[in-house]
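Q:
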Amino acid sequence: MRLANPNIPEDVRAVAADGTQLRYKLMELSNQYPDAIALGRGDPDLATPQPIIEAAKAALRDGKAGLTPVAGLPELREAVAAKLRAENGLAAERDNIIITTGGQEGLYLIMQALLDPGDEVLVPDPRYTSYDEAIASAGGSMILVPTTHEDAFNLQPDAVEAAITPKTKALLMISPSNPTGGIITEDRARALAEIAIRRNLIVISDEIYEKFLYDGWKHFSIGSLPGMAERTITLNGFSKSYAMTGFRVGYIAGPIDVIRAMSRVKAVTTGPAASLSQWAALAAQTGDQSPIVEFHRIYDERRRLMMTGLREIGLDYSDPRGAFFLWTNSSPTGIHATELSYLLLKEGRVLIFPGNAFGENWGGYLRISVLQSGDLLREALERMKPIIDRYRVESQV
Ligand SMILES: Cc1ncc(COP(=O)(O)O)c(C=O)c1O
1 MRLANPNIPE DVRAVAADGT QLRYKLMELS NQYPDAIALG RGDPDLATPQ PIIEAAKAAL
61 RDGKAGLTPV AGLPELREAV AAKLRAENGL AAERDNIIIT TGGQEGLYLI MQALLDPGDE
121 VLVPDPRYTS YDEAIASAGG SMILVPTTHE DAFNLQPDAV EAAITPKTKA LLMISPSNPT
181 GGIITEDRAR ALAEIAIRRN LIVISDEIYE KFLYDGWKHF SIGSLPGMAE RTITLNGFSK
241 SYAMTGFRVG YIAGPIDVIR AMSRVKAVTT GPAASLSQWA ALAAQTGDQS PIVEFHRIYD
301 ERRRLMMTGL REIGLDYSDP RGAFFLWTNS SPTGIHATEL SYLLLKEGRV LIFPGNAFGE
361 NWGGYLRISV LQSGDLLREA LERMKPIIDR YRVESQV
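Residue numbers (this note's numbering): 1 to 397.
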């Protein structure tokens with residue numbers, strides 16, 4: 001990829017190889033521009049439903065702000081287990097659940113509890129790079145499993161099998177995916193479960209975007225398959241489904257011994273999740289679920305708007321079957337995605353993360369999130385168009 005503008009700042013260039021740092025650096029830069037439209041974010045922009053907020057207020061008013069047990073409020077663990085049984089087909093009871101301070105902490109606890117130094121974890125590429133840090137923090141190694149645009153970034157069982165070594169402890173899978181919006185279809189999940197059982201792997205299943213699948217695609221939990229309960233660790237949370245990111249509540253379901261190991265780590269690090277947030281999460285889990293239906297409708301509408309807009313600009317994207325993202329092929333610009341993101345921010349006042357913030361192989365992609373109103377998405381497309389046109393390779397020939 002050529003450099004269109006060699007003046008990309010040194011502090012951006014310096015972190016270009018570290019996905020998480022690069023995202024934070026671009027967010028910091030965008031704060032300089034009050035008129036910037038943030039299509040980088042992954043946290044819902046929609047308001048938390050009012051009954052959930054009322055539940056947090058009531059908990060505070062009623063003196064329920066004290067510490068809960070480390071593994072979480074018993075009522076919430078119970079409600080989460082009931083949800084996982086009813087909606088996901090998991091054989092979960094209260095003791096199979098730990099409530100975490102967001103899914104983010106959950107990732108860290110999983111790796112601390114599971115990995116010994118030198119253990120390998122298979123991770124689809126591209127990926128949410130917090131996985132890298134969580135795995136590294138436990139002394140593990142990440143082994144990337146390629147996924148492709150042509151296959152809508154579904155996970156290929158053959159590619160997983162080919163990546164297994166004697167050191168492989170676990171397969172991490174995510175569906176729907178951040179950053180690609182791809183899903184792991186049920187047939188693939190069945191084939192992956194067969195491999196996990198035959199090769200004695202643990203499966204870590206990140207299902208945090210499970211409520212947002214489109215075009216008739218259905219979420220499927222691998223832990224529901226025969227022989228998988230004892231080897232599956234399911235990660236989920238309230239941030240995405242209920243627009244509760246700032247409440248910081250997530251959860252993990254898994255075998256009791258693994259949950260106990262995580263509780264021991266949690267006891268000496270963060271302790272229990274914030275009690276007010278847990279009461280709010282209980283209201284979310286047990287209350288009216290119709291806000292999720294409305295969120296889904298809004299995201300789907302925006303996603304269609306963005307798909308149409310990108311086609312008009314002449315950019316191709318991977319089939320977005322779930323989550324909030326359009327994984328967009330930016331290679332027609334001929335510019336590396338770090339630089340393109342920088343130009344889109346500086347000249348267009350649109351914050352979009354470069355694909356290489358989700359893996360070093362993805363400097364020809366952008367991750368565009370649809371977590372802004374339709375009007376702002378339209379405005380962002382208008383601002384992007386002249387910049388994309390200016391650098392489009394064909395137009396310069
Ligand atoms: C794939 C994935 N997993 C887990 C998380 C953690 O989310 P939270 O800590 O808000 O629950 C995120 C957040 O963006 C995510 O994208």
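Here a beta-carbon is modelled for each residue, glycine too, at the ideal position from N, C-alpha and C.
Note that this is a predicted model, so its numbers are computed, not measured.
Mind checking who T367 pairs with in its DSSP beta bridge?
A: As a first step, residue 367 must be located in the sequence shown, where it is residue number 367. According to the sequence shown, residue 367 is Arg rather than Thr. BP columns for R367 point to W327, F353.
Q: Which class does V145 belong to by DSSP, given the choice of helix, strand or coil?
A: Within the sequence shown, the letter at position 145 stands for residue 145. Residue state, collapsed to three classes: strand.
Q: Please give the ranges of any alpha helix (DSSP H) in the region 113-141, keeping only runs that are unbroken, at least 4 residues long and fully inside the region.
A: You should have 130-137.
Q: Does the separation of the CB atoms of S318 and A152 fall below 9 Å?
A: Along the sequence shown, one-based indexing puts residue 318 at 318. Along the sequence shown, one-based indexing puts residue 152 at 152. The answer is yes: Cβ separation under 9 Å.
Q: When the distance is taken between beta carbons, is L351 closer than 9 Å to R383?
A: If you number the sequence shown from 1, residue 383 lands on position 383. If you number the sequence shown from 1, residue 351 lands on position 351. No.
Q: Check each candidate in I252, T147, R13 and name the one with the smallest Cα separation from D95.
A: Position 95 of the sequence shown, counted from the first residue, corresponds to residue 95. Residue I252 is the option with its Cα nearest to D95.
Q: Can you tell me which of the three DSSP states M244 falls into?
A: Stepping through the sequence shown from its first residue, residue 244 is reached at position 244. Three-state result, M244: coil.
Q: Taking the CB atoms as reference points, tell me whether V203 and L171 lie closer together than 9 Å.
A: Within the sequence shown, numbered from 1, the residue matching residue 203 stands at position 203. Within the sequence shown, numbered from 1, the residue matching residue 171 stands at position 171. Closer than 9 Å, so yes.
Q: Ligand 1 and Y399: does any heavy atom of the ligand fall closer than 8 Å to the residue's C-beta?
A: Given that the chain is displayed from residue 1 to residue 397, the structure contains no residue 399 and the question cannot be resolved.
Q: Please determine, among L276, M262, L381, the residue with the shortest C-alpha to C-alpha distance to R311.
A: Against the sequence shown, residue 311 aligns to sequence position 311. Ranking the options by Cα distance to R311, first place goes to L381.
Q: Assuming the contact rule is C-beta atoms closer than 8 Å, T328 and L366 should be a hit. Round their C-beta distance to whole Å, please.
A: On the sequence shown, position 328 is the one that residue 328 refers to. On the sequence shown, position 366 is the one that residue 366 refers to. With a Cβ gap of about 5 Å, T328 and L366 count as contacting.
Q: Tell me the DSSP secondary structure of N236 in three-state form.
A: Locating residue 236 in the sequence shown gives position 236, where the first residue counts as 1. The answer is strand: DSSP assigns N236 an E or B state.
Q: Taking buried to mean at least 16 other C-beta atoms within 10 Å of its own C-beta, is E294 buried or exposed?
A: Counted from its first residue, the sequence shown places residue 294 at position 294. Per the 10 Å Cβ criterion, exposed.
Q: Buried or exposed: which applies to Q278, given that a residue is buried once 16 or more other Cβ atoms fall within 10 Å of its Cβ?
A: Against the sequence shown, residue 278 aligns to sequence position 278. Buried, because 16 or more other Cβ atoms sit within 10 Å of the Cβ of Q278.
Q: Tell me whether D43, by its Cβ, gets closer than 8 Å to a heavy atom of ligand 1.
A: As a working note, residue 43 is residue 43 in the sequence shown. Indeed, a heavy atom of ligand 1 lies less than 8 Å from the Cβ.
Q: Assign R188 to one of two classes, buried (16 or more other C-beta atoms within 10 Å of its C-beta) or exposed (fewer than that).
A: Stepping through the sequence shown from its first residue, residue 188 is reached at position 188. Label assigned to R188: buried.
Q: Quick check: is any heavy atom of ligand 2 less than 8 Å from the C-beta of L235?
A: Ligand 2 is not part of the structure shown, which contains ligand 1 as its ligands.
Q: Counting only runs of 3+ residues fully inside the region 39-84, write out the beta strand (DSSP E) ranges in chain order.
A: Runs found: none.
Q: Which runs of the alpha helix (DSSP H) spanning at least 4 residues fall entirely within the region 246-315, listed in chain order?
A: As far as the region 246-315 is concerned, its whole alpha helix (DSSP H) runs of at least 4 residues are 256-268, 275-286, 290-313.
Q: Judging by CA-CA distance, which residue of D45, V249, I8, R13 is the nearest neighbour of I418?
A: Beyond the ends of the chain as shown, which are 1 and 397, falls residue 418; an answer cannot be given.
Q: Check whether the region 135-154 and the region 115-124 touch, using three or more Cβ-Cβ pairs below 8 Å as the test.
A: Segments in contact, yes.
Q: For V12, report the span of its alpha helix (DSSP H) as first-last.
A: By one-based count along the sequence shown, residue 12 stands at place 12. Taken as a continuous stretch (DSSP letters only), the alpha helix (DSSP H) holding V12 covers 10-14.
Q: What are the residues that DSSP puts in a beta bridge with T100?
A: As a first step, residue 100 is located in the sequence shown; it is residue number 100 there, counting from the start. Per DSSP, G250.
Q: According to the Cβ coordinates, are I99 and R85 closer than 9 Å?
A: Position 99 of the sequence shown, counted from the first residue, corresponds to residue 99. Position 85 of the sequence shown, counted from the first residue, corresponds to residue 85. No; because the gap between Cβ atoms is not below 9 Å, this pair is not in contact.
Q: Using the three-state DSSP reduction, which class does G227 fall into: helix, strand or coil?
A: Taking the first residue of the sequence shown as 1, we reach residue 227 at position 227. Three-state DSSP puts G227 in coil, outside helix and strand.
Q: Hey, is R264 close to ligand 1, as in C-beta under 8 Å from one of its heavy atoms?
A: If you number the sequence shown from 1, residue 264 lands on position 264. Not so, every heavy atom of ligand 1 lies at least 8 Å from the Cβ.
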